[in-house]
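> Starting off with a structure, shown below.
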Amino acid sequence: MELSSIYTELIMEHSRSSRNRRLLEEKDREERGHNPNCGDDITLQIKFAGGKIDDLAFTGSGCAISQASTSIMIDLIKGKGKEEALELIDIFLRLIKGDGLTEEEEEKLGEAVVLKNISYMPARVKCAVLAWHTLKELIKS
Amino acid sequence: MELSSIYTELIMEHSRSSRNRRLLEEKDREERGHNPNCGDDITLQIKFAGGKIDDLAFTGSGCAISQASTSIMIDLIKGKGKEEALELIDIFLRLIKGDGLTEEEEEKLGEAVVLKNISYMPARVKCAVLAWHTLKELIKS
Amino acid sequence: MSRVALNYIYNENARTRRPIIINKEMGNKINPYLLKKDFPVFQDKVDGRELIYLDNAATTQKPYTVIEAVRKYSQQFHGNPHRGAHYLSVKATELYDQARQKVREFIKARSAKEIIFTRNTTEAINLVAYSYGMNFIDEGDEIVLSIAEHHSNILPWQQVARSRRARLKYMYLDEDGRLSKDEVKSKITERTKLVCLTHMSNVLGTIFPVREIIEYAHQKGALVLIDGAQGIPHVEVDVQELNADFYVFSGHKMLGPMGIGVLYAREELLEVMPPFLSGGDMIEYVSEDTASFAPLPEKFEAGTQNVEGAVGLAAAIDYLNSIGMDKIHQHEQDLTAYALERMQGISYLTLYGPTDLEERGGIISFNVAGIHPHDLASIVDLDGIALRAGHHCAQPLMKYLQLVASCRISFYLYNTKEDIDQLIDSLDRARSWFSNGTK
Amino acid sequence: MSRVALNYIYNENARTRRPIIINKEMGNKINPYLLKKDFPVFQDKVDGRELIYLDNAATTQKPYTVIEAVRKYSQQFHGNPHRGAHYLSVKATELYDQARQKVREFIKARSAKEIIFTRNTTEAINLVAYSYGMNFIDEGDEIVLSIAEHHSNILPWQQVARSRRARLKYMYLDEDGRLSKDEVKSKITERTKLVCLTHMSNVLGTIFPVREIIEYAHQKGALVLIDGAQGIPHVEVDVQELNADFYVFSGHKMLGPMGIGVLYAREELLEVMPPFLSGGDMIEYVSEDTASFAPLPEKFEAGTQNVEGAVGLAAAIDYLNSIGMDKIHQHEQDLTAYALERMQGISYLTLYGPTDLEERGGIISFNVAGIHPHDLASIVDLDGIALRAGHHCAQPLMKYLQLVASCRISFYLYNTKEDIDQLIDSLDRARSWFSNGTK
Ligand SMILES: Cc1ncc(COP(=O)(O)O)c(C=O)c1O
Ligand SMILES: Cc1ncc(COP(=O)(O)O)c(C=O)c1O
Ligand code: FES
Ligand code: FES
Chain A
0 MELSSIYTEL IMEHSRSSRN RRLLEEKDRE ERGHNPNCGD DITLQIKFAG GKIDDLAFTG
60 SGCAISQAST SIMIDLIKGK GKEEALELID IFLRLIKGDG LTEEEEEKLG EAVVLKNISY
120 MPARVKCAVL AWHTLKELIK S
Chain B
0 MELSSIYTEL IMEHSRSSRN RRLLEEKDRE ERGHNPNCGD DITLQIKFAG GKIDDLAFTG
60 SGCAISQAST SIMIDLIKGK GKEEALELID IFLRLIKGDG LTEEEEEKLG EAVVLKNISY
120 MPARVKCAVL AWHTLKELIK S
Chain C
0 MSRVALNYIY NENARTRRPI IINKEMGNKI NPYLLKKDFP VFQDKVDGRE LIYLDNAATT
60 QKPYTVIEAV RKYSQQFHGN PHRGAHYLSV KATELYDQAR QKVREFIKAR SAKEIIFTRN
120 TTEAINLVAY SYGMNFIDEG DEIVLSIAEH HSNILPWQQV ARSRRARLKY MYLDEDGRLS
180 KDEVKSKITE RTKLVCLTHM SNVLGTIFPV REIIEYAHQK GALVLIDGAQ GIPHVEVDVQ
240 ELNADFYVFS GHKMLGPMGI GVLYAREELL EVMPPFLSGG DMIEYVSEDT ASFAPLPEKF
300 EAGTQNVEGA VGLAAAIDYL NSIGMDKIHQ HEQDLTAYAL ERMQGISYLT LYGPTDLEER
360 GGIISFNVAG IHPHDLASIV DLDGIALRAG HHCAQPLMKY LQLVASCRIS FYLYNTKEDI
420 DQLIDSLDRA RSWFSNGTK
Chain D
0 MSRVALNYIY NENARTRRPI IINKEMGNKI NPYLLKKDFP VFQDKVDGRE LIYLDNAATT
60 QKPYTVIEAV RKYSQQFHGN PHRGAHYLSV KATELYDQAR QKVREFIKAR SAKEIIFTRN
120 TTEAINLVAY SYGMNFIDEG DEIVLSIAEH HSNILPWQQV ARSRRARLKY MYLDEDGRLS
180 KDEVKSKITE RTKLVCLTHM SNVLGTIFPV REIIEYAHQK GALVLIDGAQ GIPHVEVDVQ
240 ELNADFYVFS GHKMLGPMGI GVLYAREELL EVMPPFLSGG DMIEYVSEDT ASFAPLPEKF
300 EAGTQNVEGA VGLAAAIDYL NSIGMDKIHQ HEQDLTAYAL ERMQGISYLT LYGPTDLEER
360 GGIISFNVAG IHPHDLASIV DLDGIALRAG HHCAQPLMKY LQLVASCRIS FYLYNTKEDI
420 DQLIDSLDRA RSWFSNGTK
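Chains as they are written, first to last, in numbering that gives the first Met the number 0: chain A, 0 to 140; chain B, 0 to 140; chain C, 0 to 438; chain D, 0 to 438.
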């Protein structure tokens, strides 16, 4: 595999971006997610409004893949309803598991589809899914 | 190897013989020897007279090789002095270890030389040497 | 005799080194002559003689596929599994996980988390003794064993009983080497915390009614550990259907490599049991003074694991599956029937263990009048026959049977009626030599 | 630069699959290009790329001779050792005993009774912790570790300390990753019962002055366990000269198979220590309620042992001996000098550990500015380079160094200067990609 097909420009951009890396001024809940075998962790903060996810942001540290995945996820999820968010999380987790997605499903994921190749790197799957699992906990809690 | 070169007629005879299998009427000492990994054990009784081994006998149970070796040993050792007995034990143990003996040494062992082929049967070495080790303890104790 | 007449099937595939799959249409029996071709040890003379291997309860021989799987792993895919991002480490992790899945399927466990790789049966039992026994068995509790247990399923419990002031109780056998219902009911009571029972006696060949005993023990509130060292290799096992709490076995007794064994335990139990060995990958976070532990199954696998052993065990399971455990069992039953029939007719032989084929498997203990078992083992070895003599690591049983030692033969899929015939010829020769000095 | 300029020797023998013996006359260096030919993993592309294997501290690759020894054992000589009178059992016993003798000679132990085979380093340490620690370490005693220990040499002692109400004390490192005399003297005192120290840090590469520390500890009345997982494979070890009380290591880190490790301990200690695992062959007599134990070394080896692992380890020792541990060590030092020299010149790299070659071996930890270690490991893997990223099972050390993770390369006899050059090229490419999106 090629470096550029995993660490794509989009991933590099998101991993460096600080747009979604912040503390919310008003939050409804927060959730910490961690990967024991690398020691990395992130914290997600969420704010709901009118049944929708009004704001979402993260702090913490990790590898480029985990940071990019978190940032991409936030862009995708913000503004969505709980149910839709959970559905998107589910689709994303199946993408990374290497399950084939339908075209329609891929479309729903938007930019997050760039993380598809991670499914060929078993050692890094945990990085791609960290934020998504954390968000699932956060929404369900 | 041939059955008849290990379980030689002499060995078979000694293993069946009851000549040396008895309790001494008068004994100076006795010693028990056992092989934990087969559960067999024998007890040697000894009587000294004038610095010589005046009488020696055994009781107990075990395989044909251990019983024959014990009986042959008793025939060889009876009437010998302590020092000479210890020397013979030493020669015998070297025979079974597979060390080459000198002709003179083999001669000293007499009939006991028939046990030589046991050195090719590592699993049975413990049988051939049981009585001899026990006797060594007995003389030295 | 009809049940013991083997209906051999000749199969062209046999000349290749592939496992032989016998079609149902060709009859429901396996052909051990063809299977033997899968095992390199039977291709050459061993120490100048044709090998007749009747020591399968001690350890089994390995087919090419197992040896090749280990070689291939070692040559092409070797890395330290877990944590590594590089190809070989990922590959080793993958193969190790696949092996665990294969074991799970083979014994029909609910989840791969319930499969802990150990070195052998003995270590698996020690793990349970240290982690479960030393923490959950208390003063006054009773541990019930059968008198037929292997030392590996006795000593760890002696130690637990001593340390925890618990009581060891033995279930004794009837004259045919069976466990009677009355005996089971009189020993397993409300005070019983754990029952430890071998699936098949490695001395008498008795196959114990483990499912019924587990059910009864559960009614009384006890857990049950089944020592499957002689179970899994010979009979189909479904741990869920058995409802065993712990089931343990060794790779080397089921065509696999040495150095790999398995502890199956119900997930709920493994969850509450503390780790046994510690260090390496079985942690989450470690500080100077404390540590938190990884989830199952890693929690119980400390240090670099035997990946090549696990890969070899997976290949062994593939091989066994390609034949079919039901056929293997049937073949062993046929051999046992034939051997018992022949041996029962020989006056100088004393046989131990159940005579009813329904209650036993392919392990037969016997003695030859006038010949010490260890002499007999040496003598038949001169004819290339491998059998075992001694106490078979079951001294309490031997004492109970009032035996110092016995000879033991034990069958596996590659044994033939001819092996038994040759054994009996060899016994006859030994017997004449010992009686009157002729062969 | 002169000390790092390798003087390669070309040797015709190399094309055969035999270990290469370099004559002194041909210069005192080994030629890794020739040695590589002894290792099948380097003969083919791995996952489509030339393998550059720099993860030797995790596990090493195996030469043909080791793979063949295991295969041959499995095909021709496999039996359950001990107790069997038949040929295969005798043969397996003999090969197992020979392997033990080989290990004894290799580490120069007084007696083969002092060599206990285990699964790996981790199990060996756990054995000492359970058998020695849980019985001989008492309330108020102190166990002194270095902060550089692998989890396998920490967790068992945390458990002993907790159960026995003993105290764990850590010796910290100076800025260069060394253990100062002052630190040693302030931590090891009359209250110290046991000192547990790694021979070489698996993170920093520091080789600790184990002989001096053992001597000092003995003066204070303490015993010393040396974790030799990173020692034995790389430096000549004479346990008698070291005067170590316990010395432990793993076969898979010294060209041998997985599933086999060694505990060396002084005979007097093993004599008084109770068995750890029980069952199988480690007994003399067993009754229903008690048992007496076999003499050393069997007392500590319960159940069927990994004979093929031991045979493979013996072949690995033969291979190492055929090269010479002094030459292997020198080669690694040459590579380390070369790597340090090149890497110190690169501004985006931070290196950890001693800079003085006298105090270190061939393990180098580093980080690349702006790239997370796990990303780096994935990126260089795309170039076929195997290195490790993470906490290296040494979280307390990492915390002490204030690091979450690092990248680690570790050398062995088959590594070349070219491997290092390629690594650095790969680091450069990763760095440009991460800085400005070009390769
Ligand atoms: C210093 C040190 N100790 C112990 C270990 C554990 O070795 P193993 O996993 O073979 O038990 C390792 C290797 O991982 C090590 O580097
Ligand atoms: C019934 C039974 N349990 C336990 C064992 C011990 O197995 P291992 O030596 O592989 O630990 C054996 C075999 O020796 C056995 O037959
Ligand atoms: S390495 Fe820690 S999240 Fe990726
Ligand atoms: S078998 Fe017991 S002494 Fe020979």
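Using N, Cα and C, we set each Cβ at its ideal position, and we do this for glycine too. Just so we're clear, the structure is a prediction, and the values are computed from it rather than from any experiment.
Taking all protein chains shown into account, do 16 or more other C-beta atoms lie within 10 angstroms of the C-beta of C:Q100, making it buried, or fewer, making it exposed?
By the 10 Å Cβ count, C:Q100 comes out exposed.
> Starting from the C-beta of B:F92, find all residues in its chain whose C-beta is less than 7 Å away, skip the five residues before and the five after it, and write them out in chain order.
Per the sequence shown, the amino acid found at residue 92 of chain B is Leu instead of Phe. Here the set comprises V128, W131.
> Just to confirm the assignment, what range does the alpha helix (DSSP H) spanning D:I423 have?
Taken as a continuous stretch (DSSP letters only), the alpha helix (DSSP H) holding D:I423 covers 416-435.
> Residues in its own chain within less than 6 Å of D:R103 by CB, not counting five upstream and five downstream?
For D:R103, where only same-chain residues beyond five positions count, the Cβ hits under 6 Å are A111, I114.
> Helix, strand or coil for D:G311, going by three-state DSSP, please let me know.
In this structure, D:G311 counts as helix in the three-state DSSP scheme.
> Can you find a C-beta in chain A that's less than 7 Å from the C-beta of D:N10?
Reliability fails at D:N10, whose pLDDT of 32 lies under 50, so the model's placement of it is uncertain and the value that follows must be treated cautiously. False, the Cβ-Cβ gap to chain A never drops below 7 Å.
> Give the straight-line distance between the Cα atoms of C:Y246 and C:I362, rounded to the nearest whole angstrom.
C:Y246 and C:I362: Cα-Cα distance of roughly 20 Å.
> To be precise: take each residue of the stretch 385-408 of chain D, compare its Cβ to all Cβ atoms of chain A, and keep it if any distance is under 7 Å. Which residues remain?
For the stretch 385-408 of chain D, which is checked against every Cβ of chain A, the residues closer than 7 Å are G389, H390, V403, A404.
> Report yes if the C-beta distance between D:G258 and C:G308 is below 7 Å; otherwise report no.
A contact, by the Cβ cut-off of 7 Å.
> Which partner residues does B:Q44 have in the DSSP bridge list?
Looking at the DSSP assignment, B:Q44 forms a beta bridge with B:E29, B:A56.
> So that I know if they touch, is there some Cβ in chain D lying closer than 7 Å to that of A:A63?
So yes, A:A63 belongs to the interface.
> From D:R164 to D:V143, what distance separates their C-alpha atoms?
Each residue's Cα considered, the two are about 14 Å apart.
> Can you name the start and end residues of the beta strand (DSSP E) that C:D226 belongs to?
It spans 222-226 - the beta strand (DSSP E) in which C:D226 sits, taken as one unbroken run.
> Quick check on this structure: which residue in C:R407, C:T188, C:P296, C:L178 has the alpha carbon closest to the alpha carbon of C:I206?
Out of C:R407, C:T188, C:P296, C:L178, C:L178 has the C-alpha closest to the C-alpha of C:I206.
> So which of D:I136, D:H198, D:A221 has the shortest CA-CA distance to D:V238?
It is D:H198.
> So with Cβ pairs under 7 Å, would you call A:A127 a contact of chain C?
It does not: the Cβ of A:A127 has no partner Cβ on chain C nearer than 7 Å.
> With a threshold of 8 Å on Cβ separation, who are the neighbours of D:L268 within its own chain once the five nearest residues in sequence on each side are excluded?
Excluding positions up to five away in sequence, the list reads Y131, L222, D244, F245.
> In three-state terms, what does DSSP make of D:T205?
Strand, per DSSP.
> Residues in the same chain with beta-carbon distance under 7 Å from A:D53, minus the five sequence neighbours each way, listed in chain order, please.
Within the same chain, A:D53 has close Cβ partners K46, F47.
> According to DSSP, is D:I345 helix, strand or coil?
Of the three classes helix, strand and coil, the one that applies to D:I345 here is coil, per DSSP.
> If I measure Cβ to Cβ from C:N22 and keep anything under 7 Å in the same chain, skipping five residues before and after, which residues do I get?
Summary for C:N22: the model assigns pLDDT 43, below 50, so the residue's position carries little reliability; its value from the coordinates is reported in the next sentence. Same-chain partners within the cutoff: there are none.
> Along the stretch 65-77 of chain A, what residues have a CB closer than 9 Å to any CB found in chain D?
Hits within the stretch, in order: S65, Q66.
> Please confirm if A:P121 has its CB atom under 7 Å from at least one CB of chain D.
No, because no Cβ of chain D sits closer than 7 Å to the Cβ of A:P121.
> Mind checking D:E148: buried by the 16 CB within 10 Å criterion, or exposed?
That one is buried.
> Listing by chain order, which chain A residues have their CB less than 7 Å from the CB of C:V89?
Under the 7 Å cutoff, chain A gives P121, A122.
> How about C:S151: is its Cβ closer than 6 Å to a heavy atom in ligand 2?
At least one heavy atom of ligand 2 is nearer than 6 Å to the Cβ of C:S151, so yes.
> My parser needs the beta strand (DSSP E) runs of 3 or more residues fully inside the stretch 42-125 of chain C; what are they?
If we require 3 residues or more, the beta strand (DSSP E) runs fully inside the stretch 42-125 of chain C come out as 114-117.
> Based on Cα-Cα distance, which residue from C:I378, C:P39, C:L400, C:Y413 lies nearest to B:I5?
Among C:I378, C:P39, C:L400, C:Y413, the Cα nearest to that of B:I5 belongs to C:I378.
> From this set, A:S68, A:I41, A:I73, A:E29, which residue's C-alpha is nearest A:T58's C-alpha?
With distances taken between Cα atoms, A:T58 lies closest to A:I41.
> Taking 8 Å as the threshold, find out whether the stretch 344-360 of chain C comes into contact with the stretch 107-122 of chain A through three or more Cβ pairs.
In short, these stretches do not touch, since the Cβ pair count stays below three.
> Within 10 angstroms of the Cβ of C:D140, are there 16 or more other Cβ atoms? Answer buried if so, exposed if not.
C:D140 is buried by the Cβ-count criterion.
> Given the structure, does C:A128 come close to ligand 2, in the sense that its CB is under 6 Å from one of the ligand's heavy atoms?
Answer for C:A128: no, Cβ out of range of ligand 2.
> Beta carbon of A:H33: closer than 6 Å to some heavy atom of ligand 3?
Not under cutoff, so the answer is no.
> Once you ignore the five residues that flank D:N125 on each side, which residues in its own chain have a CB closer than 6 Å to its CB?
Here the set comprises P155.
> Can you tell me where the alpha helix (DSSP H) holding B:S3 begins and where it ends?
Looking at the DSSP string, the run of the alpha helix (DSSP H) that includes B:S3 is 2-5.
> How close, in whole Å, do the beta carbons of C:A84 and A:R123 come, if the pair is a contact with beta carbons under 8 Å?
Contact flag correct, Cβ pair sits at about 7 Å.
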